[in-house]
Structure formats: C-alpha cells, structure tokens
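Take a look at the structure set out below.
Numbering (the working numbering), first residue to last: 2 to 519.
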C-alpha cells in the first residue's frame with residue numbers, strides 16, 4: 002500500500018513540535034541542574050556536621066546574593082537552598098523580625114514615654130502629694146536614665162517629696178506580664194517578664210573581684226537600692242576562675258513579696274571565690290517589680306540630693322482622673338534600643354518592643370496577640386507571605402516560635418529596600434568585634450588583614466537547648482553581599498557552632514561558586 006506524502010505545512014508543523022520538545026527537555030534539564038546546584042551543603046560545613054554528629058536533615062540553609070541596585074529596587078539571587086522552606090525554631094534570630102518591624106513601623110527616633118502625675122502641689126521646694134508613675138514599656142530605663150528623670154523633677158522646683166509612689170501598669174494586659182519560663186529558671190535575668198515600668202531589667206547585678214589593696218573580696222552592685230545591705234562572708238581561694246559561680250552561695254533576706262516595699266533587704270554571699278577572677282558579674286532577679294522600682298526610685302532621688310518626708314511604700318494603682326501631668330520623661334531613641342536587642346540578644350527588650358507595636362497601633366492594654374497582628378499586617382503590606390510563621394513573644398525565647406530559613410533570608414533582603422536599612426544593619430553583631438559575635442570567626446578574619454577593604458559578617462545569633470541559629474549579612478572579600486540564614490534543630494545543636502562558622506567563613510571567601518557545588 003502506498004502512503005501519501007506529507008504536505009509541506011505538515012512537515013513544518015512536525016519540525017516545530019520536535020524542536021519545541023527538544024527545547025522543553027533542555028529547559029527542564031537546566032532547571033534540574035540549577036536546583037541540584039543550589040541544594041547542597043558546603044563541604045566544610047558538611048564535614049563539621051558529621052564530626053558533631055548532627056544529621057544533614059537537622060539543618061536548613063538559605064543564602065542569597067544581594068545584587069546592587071537603586072534604593073527600593075534591590076533584588077537577590079538564591080545561591081544555596083538546603084531545606085530552606087522547612088519551618089524551624091529560630092531561637093533569638095526571631096528578634097530580627099521584631100526589630101525590623103519596630104524600626105519601620107515606629108521609626109528609628111521613636112522614644113518611649115514614662116509619665117509622672119501628681120495629686121498635689123509644689124510649695125517652697127516640697128511636693129505635697131503623691132507621685133503616680135505611668136509606664137509605656139521603656140525597655141532601657143536604667144540608672145543613667147533614672148538620674149536624668151530625677152534631674153528633670155528637680156528642675157520643676159522639687160527638693161523634697163511629702164507623699165507616696167504609685168505605679169500604673171495599665172499599658173499592658175495582665176497576661177502579657179505573667180512570669181512564664183521555658184526552663185524553670187525564674188531568677189535568671191534572661192527570663193525577666195515584660196513590665197510597662199521596667200527598671201534596670203529588674204535585675205540586681207553584683208560585681209565581684211579581689212581587692213587591689215588587700216586580700217579580700219570587693220562586692221558592689223547596681224542599680225542602687227535604698228534598703229539593700231550586702232554581707233560578704235566569702236573566702237579567697239587559689240583556684241581557676243572557670244567555675245567561680247558554682248562555689249558561691251547567695252541568699253536574699255527577706256525575699257520580698259511586695260507587701261512591704263521599703264523593708265531592709267540583706268544580700269548575703271558565702272562560699273569561695275578564686276583570687277584570679279576579675280570583674281565578674283553575678284546577676285539575679287530576686288525582687289518583685291514594686292519593691293525593685295520603689296527602692297530604685299528612692300535611691301536615685303536621694304543620690305540626686307532629694308529627700309523624703311517619709312520613705313515611700315510603692316503600690317500599684319491607676320492614675321486618678323483628677324491627677325495632673327507633672328513630667329513626661331522620654332527614653333533613648335528606638336535605634337539605640339535595637340542595638341542592645343540585637344547585639345546582646347536582650348529578650349525582655351524584644352518582648353517590650355513587640356508589646357509597644359500593639360500599644361501604639363491597637364491601643365491599650367497591649368497584648369502579645371495584638372503585637373503579632375501588627376507584625377503580620379506589616380509583612381502583608383510588604384507583600385511577604387510567611388504561612389509557617391509562629392510568633393509567641395517576639396524574642397525567640399520560645400519552644401513554639403517558627404519560621405523558615407528562606408523567609409528569614411527574604412526578610413533580610415527586604416530590609417535593604419527600607420528606609421531603616423542602615424539602623425537595622427548597624428544593630429547586628431559584628432564578627433570578631435562586638436555583641437554575641439565578638440569572639441567568633443577570629444581565625445578566619447585574620448586571613449584578610451592584608452586587604453584594604455576587609456570583609457565582615459554582621460550576624461544575629463540564637464541558641465536554645467536543641468537549637469542553634471544564625472542570620473544576617475556577609476560582605477565577602479570581593480565585595481559581594483550575601484544574606485544568610487541557617488537553623489539547626491537537633492539534640493546536638495549546640496555543637497553546631499563550628500558548622501555555622503564554617504558557613505560564614507565560606508561566604509567571606511565567596512564560596513557560592515557553581516564550581517564548588519556538589
């Protein structure tokens with residue numbers, strides 16, 4: 002049987018379909034090759050993970066190269082994508098989301114306000130009436146700031162106070178101030194709960210060291226409290242300073258419950274202390290909020306030269322409608338607070354920033370739920386969708402908070418297009434220089450001392466039991482900027498510090514070269 006020859010148009014159609022099939026297959030092969038190139042772990046990182054007995058399935062890595070461009074139009078190209086879409090516990094790197102939202106929503110120059118009201122009058126240098134302190138959550142109300150507040154009160158013509166102190170914490174919902182911990186260590190400074198009138202992180206910091214002039218131990222403390230006495234019964238010993246804290250016994254008597262906020266307190270130290278230890282700090286959260294603020298305020302007033310008719314017994318109360326505003330004290334700019342939050346990973350400051358977002362955008366009483374709503378709304382406004390995101394308190398001190406490495410890195414790229422990018426970038430710890438990265442990457446950075454323009458890594462760290470995290474920017478030796486995030490969630494996670502350092506060192510050396518993919 003004789004077949005009919007194809008028409009010229011049919012031949013052209015077959016040729017077109019065949020060419021399209023070949024092109025499609027080639028394109029698919031390119032996509033597979035590209036994905037394979039991106040989905041790998043750098044060799045040095047993989048070797049470190051193996052040495053630390055951390056499986057590759059326990060780490061996620063996202064690296065994007067930020068491409069130069071006009072402000073507001075900066076883009077990035079994915080360089081490494083290892084399990085980057087997996088929701089992971091980010092530990093303290095979650096502070097990046099909280100602080101970037103805070104800077105962009107509130108502005109770097111935002112200042113918290115502590116309002117002081119009175120129901121009395123100033124006559125001949127004496128305030129005859131009570132003081133009502135109403136807080137909005139200033140996280141950096143420390144002794145230096147309290148001294149400025151005392152000066153401002155004296156500038157109103159007050160030298161003596163004939164009245165009591167009352168504390169108005171109505172800015173926060175009661176459940177936002179609950180003292181819940183994930184490790185049961187309620188006396189540790191990192192577990193301090195949020196407080197609209199947080200003074201000196203509600204932490205007593207004792208400085209211990211061998212006296213320069215004699216063979217005994219000097220103990221000083223901050224902040225000054227009006228009714229605190231230190232009893233030192235410690236003995237100097239010839240031991241290593243490595244485990245100095247384990248040989249100290251501390252007791253505070255009585256441990257105040259707030260019933261009597263101006264009672265005499267005795268801080269007793271006993272045990273042994275190594276001679277070689279210099280300038281160590283023993284931090285403890287041992288007083289309720291009212292006692293701590295009452296005695297702190299009283300001591301600051303007296304140090305400023307002020308006096309009381311009768312020592313105050315601070316109590317909780319809302320500001321009466323008839324009271325008048327005496328002073329509105331403003332704290333330091335938010336940009337400075339964010340430096341402390343990110344460089345030193347301050348948990349309570351991060352939590353207060355999240356509550357401030359709720360307070361400023363949704364009114365009081367501020368709650369963590371409303372803070373989360375503000376952050377989610379901000380992300381949506383930027384066109385960012387993070388469906389796996391779980392925010393519990395905004396500090397990362399949580400077993401429940403979660404985000405993917407890809408989305409955390411995407412957040413870092415987005416930051417480069419915001420007007421607050423410099424304030425955010427400058428808040429991150431610099432490897433080998435400051436914050437939680439002060440002693441990291443020292444050996445690697447020495448390799449670049451000969452370069453005129455030295456590479457740097459600005460990285461927020463995070464660590465919990467079973468969690469190790471890094472997120473931030475690396476400026477490589479060739480001047481490329483990388484945004485990088487890596488999370489390890491595994492029982493051996495704390496051994497993963499070297500693996501993360503190897504990842505950062507690889508980026509400092511411009512590691513994301515296709516030839517190095519495997």
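The beta-carbon is built from N, C-alpha and C at its ideal position, and this holds for glycine as well.
Please read these numbers as outputs of a predicted model, since none were measured by experiment.
- The Cβ atoms of residue 362 and residue 375 lie closer than 8 angstroms to each other.
- In the structure shown, the three-state DSSP call for residue 116 is strand.
- Assignment of residue 170 by DSSP, reduced to helix, strand and coil, places it in the coil class.
- Using a Cβ-Cβ distance cut-off of 8 angstroms, the region 37–53 and the region 483–501 are in contact, since at least three pairs of beta carbons, one from each stretch, lie closer than that value.
- Within a 10 Å sphere around the beta-carbon of residue 466 sit fewer than 16 other beta-carbons, which makes this residue exposed.
- The C-alpha of residue 309 lies about 5 angstroms from the C-alpha of residue 162.
- A direct Cα-to-Cα measurement between residue 177 and residue 511 gives close to 45 angstroms.
- If you check the CB distance, residue 148 and residue 301 come in under 8 angstroms.
- 8 angstroms or more divides the Cβ of residue 324 from the Cβ of residue 105.
- Here residue 281 carries a strand assignment [DSSP, helix/strand/coil].
- Beta bridge pairing from DSSP links residue 275 with 238.
- In the three-state scheme derived from DSSP, where H, G and I count as helix and E and B as strand, residue 191 is classed as helix.
- The Cβ atoms of residue 484 and residue 88 do not sit closer than 8 angstroms to each other.
- Using a Cβ-Cβ distance cut-off of 8 angstroms, the region 404–411 and the region 61–72 are in contact, since at least three pairs of beta carbons, one from each stretch, lie closer than that value.
- Residue 141 counts as buried, since at least 16 other C-beta atoms from the protein chains shown sit within 10 angstroms of its C-beta.
- In the three-state scheme derived from DSSP, where H, G and I count as helix and E and B as strand, residue 75 is classed as coil.
- Per DSSP, the beta-bridge partners of residue 488 are 61, 470.
- Beta-bridge pairing by DSSP links residue 82 to 63.
- Rounded to whole angstroms, the Cβ separation of residue 330 and residue 114 is 7 angstroms, and the two are in contact under 8 angstroms.
- Counting the other Cβ atoms within 10 Å of the Cβ of residue 117 gives 16 or more, which makes it buried.
- Judged by beta-carbon spacing, residue 59 lies beyond the 8 angstroms limit of residue 503, meaning their Cβ atoms are not closer than that value.
- With contact defined as three or more Cβ pairs closer than 8 angstroms, the region 425–441 and the region 388–395 are not in contact.
- In this chain, the alpha helix (DSSP H) harbouring residue 52 covers 44–52.
- Boundaries of the alpha helix (DSSP H) harbouring residue 371: 369–382, taken from the DSSP string.
- By the beta-carbon neighbour count (other beta carbons within 10 angstroms, threshold 16), residue 456 is buried.
- By the C-beta density criterion, residue 373 is buried, having at least 16 other C-beta atoms within 10 angstroms.
- Contact between residue 319 and residue 171 is confirmed by a C-beta separation of about 6 angstroms, below the 8 angstroms threshold.
- Less than 8 angstroms separates the beta-carbon of residue 188 from that of residue 287.
- A contact between stretches requires three or more CB pairs, one per stretch, nearer than 8 angstroms, and the region 223–230 fails this requirement with the region 239–249.
- With 16 or more neighbouring CB atoms inside 10 Å of its own CB, residue 340 falls in the buried class.
- Contact check for residue 468 and residue 90: beta-carbon distance about 5 angstroms, within the 8 angstroms limit, so the pair qualifies.
- Bridge pairing for residue 230: 267 [DSSP].
- Residue pairing by DSSP places residue 459 opposite 431, 474 in a beta bridge.
- A Cβ-Cβ contact shorter than 8 angstroms links residue 151 with residue 305.
- Classified as buried, residue 436 has 16 or more neighbouring CB atoms from the shown chains inside 10 Å of its CB.
- In the three-state reduction of the DSSP assignment, residue 102 falls in the helix class, which pools H, G and I.
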